[in-house]
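Numbering (our numbering), first residue to last: 676 to 1624.
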């Protein structure tokens, strides 16, 4: 069933509506039809279909459809400024209206979709319909074939409108060694040879061809292995790698190792540092004093790990926190007869001197109130049984107090005092700390390094505290600052490790925007492209643009504007080109293209020029003594058509007596010409023009000049015999003269040339006239003998009827070669005009070439190849320093560089030989403090009027 058929018994499609009005008046628009699904059921198919319309090209000079849509915005302000917009096709969004500001590197999306009928791409058959790129047929369902026929199969024409074209082989994929070359296949319009979308070509696309290429042997180069793992995970280790000098092997991806001396570039490093971040480390506090004042006891200390973000301390390396200790004091012997309570009281007071537990103790009180009258206990405390214990002081310590916290880091304290025993008075004297020998024991230390748990909560004395915001995450385009919370001790708000607050709920993260400003202009630099040549000194270029990030789109993409004149970017700009492959090329054969085949049918010959040349590293080319490869052929046989058509005898060809052109060379009183072709006469000559009709009809002949009737009176008139007579002709008589009688008409285009121009044409043909001098004499004698009337004015028909072609003064006249269509850079074409002429003494006829062929003459080539020389190009020197004596504007100085026009052989020639439109800039602005504008004040002038006496 067709699209118009009913899809179901109770419902289906309605009939198609009429085609809508075409969206464009020329160059291809879109028209649509609609239909509706009736009966309440779902119908299979589309509700709309489209076709192309008005495909005739638009008038020359008119804007294309996409350009017209951009031009609508020319008078509208965009961000406070008006621009002239030109179209831009965004490949990722073909049917959106993107436009580029003329003269600025600014591309903006000015509309979500283009109008229906807009080409998706230039030279493309696809069209944008409702914001989508579609292939639109010529009648709604069928497409145009390669011959431009709707629904055709491409067989209706011998030369298709669109055809596949294969390019020449690309440059070799490698600069040295063995690489590949490829051809490209694309669809083009046959007449204009412009590249179009591939959908225009209906036949199957040909395959891409590939061939191997070998330019020069590759130079030795360095290759490196991967770095070994770092010797350390932190604290700055080292990694090593292997570096070899190798040369690539031909026809493979393998390398051959060579001595390091063959590699010209510096050798890469074999070692590098790695993991410079600091390692985690254990910190241990000082040992506490021994737990006893005599004999053996224990010591302890605090141990903490200073962690890094990526690593924790190793538990196996943790220092010990407890150890045994001994004091060089002999403990007193136990007195079994002494009551236990008195004994304990005596030891406690004698050994520890705990002032916190005995606040009533006074250093000046008699020791006999605290200890046994015997001296042994005191001597053991101070370290001996000598009698000279009062000679020096000693440090005395009390026991440690309880830890200041039950969990988390705390502090415990004790008293450490320097005292001296006075034997005479049996008292302890308090002294300054420097009076006691040795290092003073510590009097406080950290304790309870266990973190508090959630059950203890704030009772443990810890909590999260807001301590500010992080630095902005970006310097422009809107960064983020996040809130920072630190675990602190509530009593003194001292910051601690986060572990102490790990089980407490952390406040929610707060964020705020910062630095929401455009970024400063910067240089956007691309990668260097391939070298322009593989040897002989080439050039590598890269894109360098001054850009500025101005904001962010809703999707998060950064809006980048390209700034004109590099305004705001640091000066000088980065280099956008550099020399490459500055080495001499090996001698190689330089060959031209093959010439055309010498014969159009049967075996022929083609030739080309072959020369052994070498390009030096400075770009100059000279002939080399010899090339390493065999010399290519300079001649080869060719065949265009295997067999030639049967040769027709020139005598059998019926030739027309019509004249293509009549040209007068020397002064004559009168000439007779036929109303055919063209005629060029010298002014002042009487001209008779005869119409090619039978005599009986000549009286009815009507003559017109440029459409106006010629009467039978005046200087220019028609005669009674039907001829046109122009007496004493002049330049104003130029024009088209037409004769008409019955259904017959003919015309001649009459023009004039000066006597000098006529003589120049005679001088070119003077040598040929001399060759046929005998013919002209015989012609004059025959005219006298036959009493020919008006023998000085004979038509071409009269001459060929009276004489055989074999004796007529016929020859091929060759005009000078035209200028070459391309003066350099590739094969151009020169042409010239070659005509068959019947040459008389004072005039000649341009006739059919068949007369010259029947005469046995050979016609030379009318075209030839030319323009094989290399084109001249621009070379630039280095930029000068920033100059202040020539300021371009406020704060901007100038830099200059020399420009050279270099010919194909490397010599410097006159600048007019180079393309002026491609001339590089020789002046560039640069930031210069010396060009900053400033006020200059002159001295005050004297007062011209005396105000006071």
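Where is the CB? At the ideal position from N, CA and C, for every residue including glycine.
Nothing here was measured: the structure is a model prediction, and the numbers come from that model.
Check whether residue i and residue j have beta carbons under 9 Å apart
i, j, result
"residue 732", "residue 701", "yes"
"residue 899", "residue 940", "no"
"residue 862", "residue 838", "yes"
"residue 1574", "residue 1594", "yes"
"residue 1314", "residue 1277", "yes"
"residue 1270", "residue 1283", "yes"
"residue 1340", "residue 1451", "no"
"residue 770", "residue 808", "yes"
"residue 1349", "residue 1333", "yes"
"residue 1305", "residue 1251", "no"
"residue 651", "residue 1537", "For the chain, the structure presents residues 676 to 1624; residue 651 sits outside this window and is missing."
"residue 858", "residue 834", "no"
"residue 981", "residue 955", "yes"
"residue 1137", "residue 1165", "yes"
"residue 1338", "residue 1436", "yes"
"residue 751", "residue 772", "no"
"residue 1569", "residue 1562", "yes"
"residue 1390", "residue 1402", "yes"
Rounded separation between residue i and residue j - CA only
i, j, result
"residue 762", "residue 729", "22 Å"
"residue 1419", "residue 1434", "37 Å"
"residue 1265", "residue 1214", "22 Å"
"residue 884", "residue 854", "14 Å"
"residue 667", "residue 996", "Absent from the structure is residue 667, since the part of the chain shown begins at 676 and ends at 1624."
"residue 695", "residue 713", "21 Å"
"residue 1208", "residue 1525", "52 Å"
"residue 1579", "residue 1530", "47 Å"
"residue 1532", "residue 1516", "21 Å"
"residue 902", "residue 943", "12 Å"
"residue 1495", "residue 1414", "42 Å"
"residue 1112", "residue 1068", "7 Å"
"residue 1293", "residue 864", "42 Å"
"residue 1322", "residue 1405", "Here the model assigns residue 1322 a pLDDT of 47, short of 50, so the residue's position is not dependable and the matter cannot be decided."
"residue 1181", "residue 1158", "12 Å"
"residue 1150", "residue 1225", "13 Å"
"residue 768", "residue 1244", "31 Å"
"residue 787", "residue 775", "15 Å"
"residue 780", "residue 1281", "51 Å"
"residue 735", "residue 777", "22 Å"
"residue 1522", "residue 1473", "14 Å"
"residue 856", "residue 889", "10 Å"
Burial state of residue i (16 or more Cβ within 10 Å)
i, result
"residue 1034", "Confidence is the limiting factor: at residue 1034 the pLDDT is only 35, short of 50, which leaves the residue's position unreliable, though a coordinate-based value still follows. Flag for residue 1034 reads exposed."
"residue 1223", "buried"
"residue 1485", "buried"
"residue 1168", "exposed"
"residue 1547", "buried"
"residue 1408", "buried"
"residue 704", "buried"
"residue 923", "buried"
"residue 850", "buried"
"residue 1660", "No statement about residue 1660 is possible, as the shown extent of the chain runs from 676 to 1624 and does not include it."
"residue 1464", "Residue confidence is low: residue 1464 scores 49 on pLDDT, short of 50, so the model does not pin down where it sits. No coordinate-derived value is stated."
Cut-off 7 Å between Cβ atoms - residues of its own chain near residue i, not counting five sequence neighbours on either side
i, result
"residue 1608", "1565"
Distance cut-off 8 Å: residue i Cβ against heavy atoms of the ligand PLP
i, result
"residue 1432", "In terms of ligand content, the structure shown is empty, and the ligand PLP therefore cannot be addressed."
Close beta carbons around residue i, own chain, < 6 Å, minus the five adjacent residues each side
i, result
"residue 1191", "1153"
"residue 1220", "1199 and 1237"
"residue 1424", "1353 and 1411"
"residue 947", "914"
Cβ of residue i within 9 Å of any chain D Cβ
i, result
"residue 1342", "Judged by its chain identifiers, the structure shown contains no chain D, having just a single protein chain."
Same chain only: Cβ atoms within 8 Å of residue i, ignoring 5 sequence neighbours per side
i, result
"residue 1514", "1440, 1443, 1444, 1447, 1484, 1485 and 1486"
"residue 1147", "1154, 1155, 1156, 1189 and 1190"
"residue 793", "740, 741, 744, 770, 802 and 803"
**Q.** Sequence ranges, beta strand (DSSP E) only - wholly within the segment 1412–1447, length at least 3
**A.** Qualifying beta strand (DSSP E) stretches, in chain order: 1419–1427.
(Q) Give the list of continuous beta strand (DSSP E) stretches no shorter than 3 residues that lie fully inside the segment 879–933. (A) 885–889, 896–899, 912–915, 918–923 and 930–932
(Q) Report the start-end ranges of each beta strand (DSSP E) in the segment 1157–1193 that is 3 residues or longer and not cut off at the edges. (A) 1186–1189
Q | Uninterrupted alpha helix (DSSP H) stretches inside the segment 1580–1609 (no shorter than 4 residues) | A | None, since the segment 1580–1609 contains no complete alpha helix (DSSP H) of that length.
**Q.** Uninterrupted alpha helix (DSSP H) stretches inside the segment 729–765 (no shorter than 4 residues)
**A.** 740–746
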